[in-house]
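Peer 1:
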Amino acid sequence: GIDCSGDSRMCCRKEFFVDFKEIGWEDWIIQPEGYHMNYCAGLCPLHMAGIPGLAASFHTAVLNLIKANNADAAVDSCCVPTQRRSLSLLYYDRDGNIVKTDIPDMIVDACGCT
Amino acid sequence: AAQGVWCPACGLAALAPTMQRDVLIALAKQSILSKLRLPDRPNITQPTSRGALLTALRRMRAQHTDTAISPGMLRDNSVPHLRPGMESSTSRSVRLHFRFTRELAGSPEILQATLHLFWAVPSPRTHPVTVRLLQPDATGLNVTVASETRLEVQRAGWATLDVGRAVQSLIGEGSQRLTVELEVAEDWQSPLLAGHRDSHRPFVAAQARVRTPHRVHRR
């Protein structure tokens with residue numbers, strides 16, 4: 040996977056961090072202090088197509104959207120997550136209990152072209 | 004989509020950076036709440052200070068381990084596991100013993116020695132493990148730590164560790180046995196594949212040079 044840097048327009052992973060304190064969630068989420076909601080963005084020219092993607096079904100869904108919105112788009116490869124990991128949260132639930140939960144596939148570690 | 008270009012998937016024009024950030028934050032909130040099955044963020048009427056809370060959690064964790072190892076009482080998963088080739092282990096540490104063959108007798112010069120281990124990782128996250136090379140003393144009853152290495156294991160597979168110096172010093176002292184201790188976090192039942200299938204059995208590969216006696220010719 041490639042991390043976005045500078046003005047590269049290729050498929051890469053963009054880092055995006057949501058600070059719970061900034062959005063006023065630090066009172067009910069004890070740990071961690073924020074969420075790395077990284078995402079994939081960029082072009083997938085044909086010579087990059089075929090680098091392992093996430094799931095054909097996911098790719099098909101996105102391709103259908105593209106076709107529906109622009110039938111003549113000559114896109115046959117998308118920039119998608121290729122490696123993800125879980126987000127572990129320690130938080131208060133509505134009854135004031137402290138709960139620990141691992142939410143799978145929430146953090147994108149790497150992107151690639153399907 | 005980059006600025007000024009429309010999104011091929013949704014057909015919308017690219018958003019201004021500030022609006023893009025707001026949309027991403029809203030998406031993050033929605034995604035976390037939906038995964039936690041919460042209609043909205045809980046309202047905490049009497050928040051506890053983060054510092055006090057973390058201290059309480061740390062104390063709770065420490066208390067949990069103390070009660071477990073008080074004299075006379077064993078926790079289930081700390082029952083010693085005796086496995087072939089393993090002398091004794093608790094849920095926190097495994098000991099491996101490697102015996103050197105005769106070819107290594109006679110204090111050769113160890114050019115290279117590498118320990119090969121196949122990690123069995125229960126879940127895709129970072130697993131800290133401490134690898135200690137133990138050296139028996141002259142009586143053989145006590146052991147000292149010859150070296151200690153801390154590793155972060157992230158995925159299953161083969162890993163190597165240089166043990167050349169430890170093997171050289173053991174050979175130099177006439178011992179023919181290298182003991183390796185693996186200490187892991189408690190919730191990691193066994194860092195190695197259970198059952199020790201031959202294809203994944205730990206091994207040490209050593210390259211040695213036999214010292215040729217130094218001949219002196221006297222004229």
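Line by line, the protein sequences give chains W and V. Just so we're on the same page, my numbering is the position in the first sequence counted from 1, plus 39. Just so we're on the same page, my numbering is the position in the second sequence counted from 1, plus 3. Ideal Cβ placement from N, Cα and C applies to all residues, glycine included.
(1) With a cut-off of 8 Å, does the C-beta of residue 140 (chain W) fall near any C-beta of chain V?
(2) Is there a C-beta anywhere in chain V that falls below 8 Å from the one on residue 52 (chain W)?
(3) Could you tell me if residue 158 (chain W) is buried or exposed, where buried requires 16 or more neighbouring beta carbons within 10 angstroms of its beta carbon?
(4) I'd like to know if residue 16 (chain V) contacts chain W, where contact means its C-beta is closer than 8 Å to some C-beta of that chain.
(5) Determine the DSSP secondary structure at residue 174 (chain V), reduced to helix, strand or coil.
(6) Classify residue 145 (chain W): buried if its beta carbon has 16 or more other beta carbons within 10 angstroms, exposed otherwise.
(7) Is the number of C-beta pairs between the stretch 151 to 158 of chain V and the stretch 132 to 142 of chain V that are closer than 8 Å three or more?
(8) Which class does residue 157 (chain V) belong to by DSSP, given the choice of helix, strand or coil?
(9) Using alpha carbons as the reference points, say which of W:148, W:75, W:61 and W:67 lies closest to residue 121 (chain W).
(10) Could you run through the stretch 54 to 68 of chain W and flag, in chain order, every residue whose CB is less than 9 Å away from some CB of chain V?
(11) Are there 16 or more other CB atoms within 10 angstroms of the CB of residue 137 (chain W), so buried, or fewer, so exposed?
(12) If you compare alpha carbons, which of V:173, V:56 and V:95 is closest to residue 147 (chain V)?
(13) Short check: CB of residue 128 (chain W) to CB of residue 68 (chain W), under 8 Å?
(14) Just curious, the beta strand (DSSP E) that residue 102 (chain V) is in, first and last residue?
(15) Rounding to the nearest angstrom, what Cα-Cα distance links residue 91 (chain V) and residue 140 (chain W) in this structure?
(16) In whole angstroms, what is the alpha-carbon distance linking residue 206 (chain V) and residue 194 (chain V)?
(17) For the stretch 16 to 37 of chain V, which residues have a beta carbon sitting closer than 9 Å to at least one beta carbon of chain W?
(18) Looking only at C-alpha atoms, which of W:152, W:150, W:142 and W:151 sits nearest to residue 38 (chain V)?
(19) Would you report the Cα separation of residue 185 (chain V) and residue 179 (chain V), rounded to the nearest angstrom?
(20) Taking the straight line between their C-alpha atoms, what separation do you get for residue 84 (chain W) and residue 49 (chain W)?
(21) Which residue from V:20, V:16, V:44 and V:156 puts its Cα closest to that of residue 62 (chain W)?
(22) Give the interface partners of residue 42 (chain W) over in chain V, defined as CB-CB distance under 9 Å, in chain order.
(23) In the DSSP assignment, find the beta strand (DSSP E) that holds residue 139 (chain V) and state where it starts and stops.
Peer 2: Considering the structure as presented:
(1) The residue you call residue 140 (chain W) lines up with position 101 of the first sequence. Interface residue, yes.
(2) Looking up residue 52 (chain W) in the first sequence gives position 13. With 8 Å as the cut-off, residue 52 (chain W) does not count as an interface residue toward chain V.
(3) Outside the shown range of chain W, which is 40 to 153, sits residue 158 (chain W), and nothing can be said about it.
(4) Within the second sequence, the letter at position 13 stands for residue 16 (chain V). Chain W contact via Cβ: absent.
(5) Mapped onto the second sequence, residue 174 (chain V) falls at position 171. DSSP places residue 174 (chain V) in helix when its eight states are reduced to three.
(6) Residue mapping note: residue 145 (chain W) aligns to position 106 of the first sequence, counting from 1. So residue 145 (chain W) counts as buried.
(7) yes
(8) Residue 157 (chain V) sits at position 154 when you count from the first residue of the second sequence. In this structure, residue 157 (chain V) counts as coil in the three-state DSSP scheme.
(9) Within the first sequence, numbered from 1, the residue matching residue 121 (chain W) stands at position 82. The option with the nearest alpha carbon to residue 121 (chain W) is W:148.
(10) 55, 57, 61, 62, 63, 64, 65, 66, 67 and 68
(11) Residue numbering aside, residue 137 (chain W) sits at position 98 when the first sequence is read from its first letter. With fewer than 16 Cβ atoms within 10 Å of its Cβ, residue 137 (chain W) is classed as exposed.
(12) Counting from 1 along the second sequence, the entry for residue 147 (chain V) is found at position 144. Of V:173, V:56 and V:95, the residue nearest in Cα terms is V:173.
(13) Taking the first residue of the first sequence as 1, we reach residue 128 (chain W) at position 89. Taking the first residue of the first sequence as 1, we reach residue 68 (chain W) at position 29. Yes; because the gap between Cβ atoms is below 8 Å, this pair is in contact.
(14) Locating residue 102 (chain V) in the second sequence gives position 99, counting from the first residue. 96 to 102 is the span of the beta strand (DSSP E), which, as asked, contains residue 102 (chain V).
(15) Here the question's residue 91 (chain V) lines up with position 88 in the second sequence. Here the question's residue 140 (chain W) lines up with position 101 in the first sequence. Any reading at residue 91 (chain V) must be qualified, since the residue scores a pLDDT of 41, below 50, and its modelled position is unreliable; no value is offered.
(16) In the second sequence, the residue the question calls residue 206 (chain V) occupies position 203. In the second sequence, the residue the question calls residue 194 (chain V) occupies position 191. Using only the alpha carbons, I get a separation of about 15 Å.
(17) 24, 27, 28, 30, 31, 32, 34 and 35
(18) Your numbering for residue 38 (chain V) matches position 35 in the second sequence. The candidate whose alpha carbon is nearest that of residue 38 (chain V) is W:142.
(19) Residue 185 (chain V) sits at position 182 when you count from the first residue of the second sequence. Residue 179 (chain V) sits at position 176 when you count from the first residue of the second sequence. Roughly 20 Å between the two C-alpha positions.
(20) Counting from 1 along the first sequence, the entry for residue 84 (chain W) is found at position 45. Counting from 1 along the first sequence, the entry for residue 49 (chain W) is found at position 10. Computed Cα separation, rounded: 8 Å.
(21) For the purposes of this step, residue 62 (chain W) is identified with residue 23 of the first sequence, where counting begins at 1. Answer by Cα proximity: V:44.
(22) For the purposes of this step, residue 42 (chain W) is taken as residue 3 along the first sequence, with counting starting at 1. Within chain V, no residue comes near residue 42 (chain W); the closest Cβ sits about 17 Å away, beyond 9 Å.
(23) Position 136 of the second sequence, counting from 1, holds the residue named residue 139 (chain V). Run containing residue 139 (chain V): 130 to 139, per the beta strand (DSSP E) assignment.
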